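Here's the structure, in structure tokens; my notes come after.
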Amino acid sequence: MSAGLIYAVTGAALFSLGLYGLIVHAHLVRKILAFNIMGSGTFLVLVGLAQRADNMDPVPHALVLTGIVVAVSATAFALILARRLYAASGRCALPGEEER
Amino acid sequence: MSAVLSAMLAVDWIPWVIGLPLAFAVAAFLFGARAGRAFAIPALVLSLLAATGLAARVLTQGSQRHAVGGWGAPLGIELHADGLACTMLLMTAAIGLCTGWYARHYFTRADSGATYFWPLAGFLMAAMNALYLSADVFNLYVTLELLGLAAVGLVALTGGAAALAAALRYLLAALAGSLFYLLGVALLYGAHGTLALAELGALVTPGPPAWTVIALMTLGLALKTALFPLHFWLPPAHGGAATPVSALLSALVIKASFYLLLRLWFEVFAPAVTMPAAQLLGVLGAGAILWGSWLALQQQKVKMIVAYSTVAQVGYLFLLFPLAAYAPGLEAAWNGGVYQALAHGFAKAAMFLAVGGMVLASGRDDIDQLDGISAQLPLSLFTFALAGISLMGLPPSGGFIAKWLLLKSALTGGQWWWVVVMILGGLLTAAYLFRVLRRAFLPARGGKQFRTVPAALEYSAFVLALGSLALGLWASGPLALLRIGAPFAGAAP
Chain A
1 MSAGLIYAVT GAALFSLGLY GLIVHAHLVR KILAFNIMGS GTFLVLVGLA
51 QRADNMDPVP HALVLTGIVV AVSATAFALI LARRLYAASG RCALPGEEER
Chain B
1001 MSAVLSAMLA VDWIPWVIGL PLAFAVAAFL FGARAGRAFA IPALVLSLLA
1051 ATGLAARVLT QGSQRHAVGG WGAPLGIELH ADGLACTMLL MTAAIGLCTG
1101 WYARHYFTRA DSGATYFWPL AGFLMAAMNA LYLSADVFNL YVTLELLGLA
1151 AVGLVALTGG AAALAAALRY LLAALAGSLF YLLGVALLYG AHGTLALAEL
1201 GALVTPGPPA WTVIALMTLG LALKTALFPL HFWLPPAHGG AATPVSALLS
1251 ALVIKASFYL LLRLWFEVFA PAVTMPAAQL LGVLGAGAIL WGSWLALQQQ
1301 KVKMIVAYST VAQVGYLFLL FPLAAYAPGL EAAWNGGVYQ ALAHGFAKAA
1351 MFLAVGGMVL ASGRDDIDQL DGISAQLPLS LFTFALAGIS LMGLPPSGGF
1401 IAKWLLLKSA LTGGQWWWVV VMILGGLLTA AYLFRVLRRA FLPARGGKQF
1451 RTVPAALEYS AFVLALGSLA LGLWASGPLA LLRIGAPFAG AAP
């Protein structure tokens, strides 16, 4: 198993863990963290799979940088929405889901 | 006249189609809601002109390419416009213009929602236009995220606890969907070393790796298109938002991820997709038609009826996949599916805007409070009925052409079971729309007070309903445009 493949498999495992967390956790901050773990897993797959032979491929690095920018903005947006929701309703979970 | 036409054909419209709404959004953000209101109509008219110019160029000269900043693929970003892209761009520009006209009169100066509506709507249109023109899978990911963030911002505009919860639910679903898509992009790049749609199409071969990618990307995009049973986020987001936002989201935003699914299935994955996978999408579409219509029948709020109707109408879009899988039915299925996206766009925008006017006039969102509307807002009710004709698929309307093409494809391909689903769906649609109409035709109960509604709110919705009718009367124009670069029209340019 090459190093690249190990990264890719780890990334796939992180993605699945994050997805599980996003679905089962009700607390919004946990959901947002889970989304970030999913994102990191995707980036690992992206960089890991593209590493082959000796020549470095710069394209996945550029893609991951763009992906990180998107993930950071999305996280900031989700956090401010969660704060506003907490201020308006006193709960940090979506309606219909129990906060734990 | 011919001088104007040849001048229009000489311009490269692609950067303008994306740049105009983007410039408007930035200006509306920097200079505030007053500037947004002032510039909205000119900017939207110019966007429509640019989309028309591009469509004229594609019609006369074939598909167009544009290398951003002079850097073409594979290093730079390349934009690509064919018939399908132009059709979606024209739909976005036309519906955007009418909704912008409505929103100018819907948001009053004191309204807190008005401050950010214009910049977010501008960013939304720019992101959609960029998505329709993108030719590589990663650029498509970025535009998909930009579109999602702008759309969630619009849902949160009204600021109440319900709107914030709907926005968060929508955001989490949209982000998860995008990550599924991005994981597919990672696998595609790892396997083939390229991101360009055109190059990937020649490299993908049937086998477990390709099937994994198809499954991941289709799941992500189906979540973003709200395909049954992944539609849980749509009704609260679309039904609870401010009316112009509901119209933009239901008519346009879900079509963007559907468009991407079409591109992937027919351009990239065409050699690797299997019949059971296509049938599965069809079964989910059928589930959406029946379950969405059934739930629409149960709703007590008028806007929620229209939102659940979107869940049902999305189902028709996905019937395209099993129908197009049999070669003899491909052309009719493709045209019918895209025509359904178009017809639903106009009809649903008209319906949401008309219903928004009714809710504003009666002050309540309940179906039981609609009595007397027929006397108070006859034009809005007429608009609602016209849009309903298209949603039910009755002639002469765009919805009729779409459903007729899908039926034709089902019969030529020998897949009669989809015909049963479509007929049942049409009957259920009639049932939930007549519930609203029946209420609205009752005389007002004693002493009921109505607020007056600006006439522009009624006329803008009416123009959209006329558009959905025109799509049924002059179908040859859009269908000729759709042919350019379509999968059944021979080798792609």
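Top line first, the protein sequences correspond to chains A and B.
Going by the working numbering, the first residue of the first sequence is number 1, and it counts up by one from there.
Going by the working numbering, the first residue of the second sequence is number 1001, and it counts up by one from there.
Beta carbons: idealized from backbone N, C-alpha and C, even for Gly.
Since this is a predicted model, take the numbers as computed values, not measurements.
One question on the structure: do B:L1164 and A:L65 come within less than 9 Å of each other, judged by their Cβ atoms?
Residue mapping note: residue 1164 of chain B aligns to position 164 of the second sequence, counting from 1. Residue mapping note: residue 65 of chain A aligns to position 65 of the first sequence, counting from 1. Result no, Cβ atoms of B:L1164 and A:L65 do not sit closer than 9 Å.
Find the residues of chain B that neighbour A:V9, judging by a C-beta separation of less than 7 Å, and give them in chain order.
Residue 9 of chain A sits at position 9 when you count from the first residue of the first sequence. In chain order: nothing, as chain B lies at least about 12 Å away.
Near A:D57, which residues of its chain fall below 6 Å by C-beta distance, leaving aside the five closest residues on each side in sequence?
The residue you call residue 57 of chain A lines up with position 57 of the first sequence. Closer than 6 Å at Cβ, skipping near neighbours: A50.
Report yes or no: is there a C-beta of chain B within less than 9 Å of the C-beta of A:L33?
For the purposes of this step, residue 33 of chain A is identified with residue 33 of the first sequence, where counting begins at 1. Cβ-Cβ to chain B under 9 Å: no for A:L33.
Determine contact between the region 1349-1365 of chain B and the region 1320-1327 of chain B, defined as no fewer than three beta-carbon pairs at a distance below 8 Å.
no
B:Q1376, DSSP secondary structure in three states
Mapped onto the second sequence, residue 1376 of chain B falls at position 376. In the structure shown, B:Q1376 sits in a helix (DSSP, three-state: H, G or I).
Listed by chain order, chain A residues near B:F1138 by CB distance under 8 Å
Position 138 of the second sequence, counted from the first residue, corresponds to residue 1138 of chain B. The CB of B:F1138 comes closer than 8 Å to the CB of L63, T66 in chain A, given here in chain order.
By how many angstroms is the C-alpha of A:I37 removed from the C-alpha of B:E1331?
The count along the second sequence starts at 1 and reaches residue 1331 of chain B at position 331. The count along the first sequence starts at 1 and reaches residue 37 of chain A at position 37. Taking the straight line from one Cα to the other gives about 43 Å.
Beta carbon of B:G1393, beta carbon of B:L1342: below 9 Å?
In the second sequence, counting from the first residue as 1, residue 1393 of chain B sits at position 393. In the second sequence, counting from the first residue as 1, residue 1342 of chain B sits at position 342. Not closer than 9 Å, so no.
Measure the alpha-carbon distance for B:G1184 versus B:L1075 and round it to whole angstroms.
Locating residue 1184 of chain B in the second sequence gives position 184, where the first residue counts as 1. Locating residue 1075 of chain B in the second sequence gives position 75, where the first residue counts as 1. If I take the Cα positions, the gap works out to 20 Å.
Does the distance from the CB of B:W1419 to the CB of B:A1286 come in under 9 Å?
Locating residue 1419 of chain B in the second sequence gives position 419, counting from the first residue. Locating residue 1286 of chain B in the second sequence gives position 286, counting from the first residue. Note on residue identity: the sequence assigns Val, not Trp, to residue 1419 of chain B. In terms of Cβ geometry, B:V1419 and B:A1286 do not form a close pair [threshold 9 Å].
Own chain partners of B:S1250 with C-beta closer than 8 Å, once the 5 adjacent residues on each side are dropped
Within the second sequence, residue 1250 of chain B is the residue found at index 250, counting from 1. The residues are H1238, V1306, A1307, T1310, K1348, A1349, F1352.
Would you give the residue range spanned by the alpha helix (DSSP H) that B:L1295 belongs to?
In the second sequence, the residue the question calls residue 1295 of chain B occupies position 295. From DSSP, the alpha helix (DSSP H) with B:L1295 extends over 1275-1298.
Contact check, B:Q1064 vs B:I1014 under 8 Å by CB: the rounded distance?
Here residue 1064 of chain B corresponds to residue number 64 of the second sequence, with the count starting at 1. Here residue 1014 of chain B corresponds to residue number 14 of the second sequence, with the count starting at 1. Contact holds; Cβ gap of about 6 Å.
B:R1065 - containing beta strand (DSSP E), residue span:
Taking the first residue of the second sequence as position 1, residue 1065 of chain B is located at position 65. Per DSSP, B:R1065 belongs to the beta strand (DSSP E) from 1064-1067.
Does the Cβ of B:R963 have 16 or more other Cβ atoms within 10 Å, making it buried, or fewer, making it exposed?
Residue coverage of chain B in this structure runs from 1001 to 1493, which leaves residue 963 of chain B outside it and unanswerable.
Could one say the Cβ of A:L17 lies closer than 9 Å to chain B's Cβ atoms, at least one of them?
Here residue 17 of chain A is taken as the residue at index 17 of the first sequence, counted from 1. Answer no: the Cβ-Cβ gap between A:L17 and chain B never drops below 9 Å.
Can you give me, in chain order, the residues of the region 1306-1336 of chain B that have a beta carbon less than 8 Å from any beta carbon in chain A?
none
Within the region 1102-1181 of chain B, ranges of the alpha helix (DSSP H) (whole runs, at least 4 residues)
1114-1133, 1137-1155
From B:A1191 to B:G1363, what distance separates their C-alpha atoms?
If you number the second sequence from 1, residue 1191 of chain B lands on position 191. If you number the second sequence from 1, residue 1363 of chain B lands on position 363. Computed Cα separation, rounded: 57 Å.
Tell me where the beta strand (DSSP E) around B:H1238 begins and ends.
Position 238 of the second sequence, counted from the start, is the residue given in the question as residue 1238 of chain B. First-last for B:H1238: 1234-1240, but that is the alpha helix (DSSP H), not the beta strand (DSSP E).
Taking the alpha carbon of B:L1473 as the reference point, which residue from B:P1395, B:F1441, B:P1229, B:R1483 has its own alpha carbon closest?
Along the second sequence, read from residue 1 onward, the residue named residue 1473 of chain B stands at position 473. For B:L1473, the nearest C-alpha among the options comes from B:P1395.
If contacts are defined as beta-carbon pairs under 8 Å, then B:T1225 and B:F1258 qualify, I think. What distance do you get, rounded to the angstrom?
For the purposes of this step, residue 1225 of chain B is identified with residue 225 of the second sequence, where counting begins at 1. For the purposes of this step, residue 1258 of chain B is identified with residue 258 of the second sequence, where counting begins at 1. At roughly 5 Å, the Cβ-Cβ gap stays under 8 Å, so B:T1225 and B:F1258 are in contact.
B:V968 at chain A interface by Cβ criterion, 9 Å:
Because chain B spans 1001 through 1493 in this model, residue 968 of chain B falls outside it and cannot be assessed.
Helix, strand or coil at B:L1079 [DSSP, three-state]
What you label residue 1079 of chain B is simply residue 79 of the second sequence in a count that begins at 1. If DSSP states are grouped into helix, strand and coil, B:L1079 belongs with the strands.
For B:P1206, which residues from the same chain have a beta carbon less than 7 Å from its beta carbon, with the 5 sequence-adjacent residues on both sides left out?
Position 206 of the second sequence, counted from the start, is the residue given in the question as residue 1206 of chain B. Cβ within range, chain order: P1271, A1272.
Tell me the residue span of the alpha helix (DSSP H) that contains B:V1306.
Here residue 1306 of chain B refers to the residue found at position 306 when the second sequence is read from its first residue. Its alpha helix (DSSP H) spans residues 1302-1318.
Using the DSSP secondary-structure output, state which residues sit across from A:A150 in a beta bridge.
The structure shown does not extend to residue 150 of chain A, since chain A spans only 1 to 100, so no value can be given for it.
Going by CA-CA distance only, name the one from B:P1276, B:V1253, B:A1055, B:M1125 that's closest to B:Y1326.
For this step, residue 1326 of chain B is matched to residue 326 along the second sequence. The shortest C-alpha separation from B:Y1326 is found at B:P1276.
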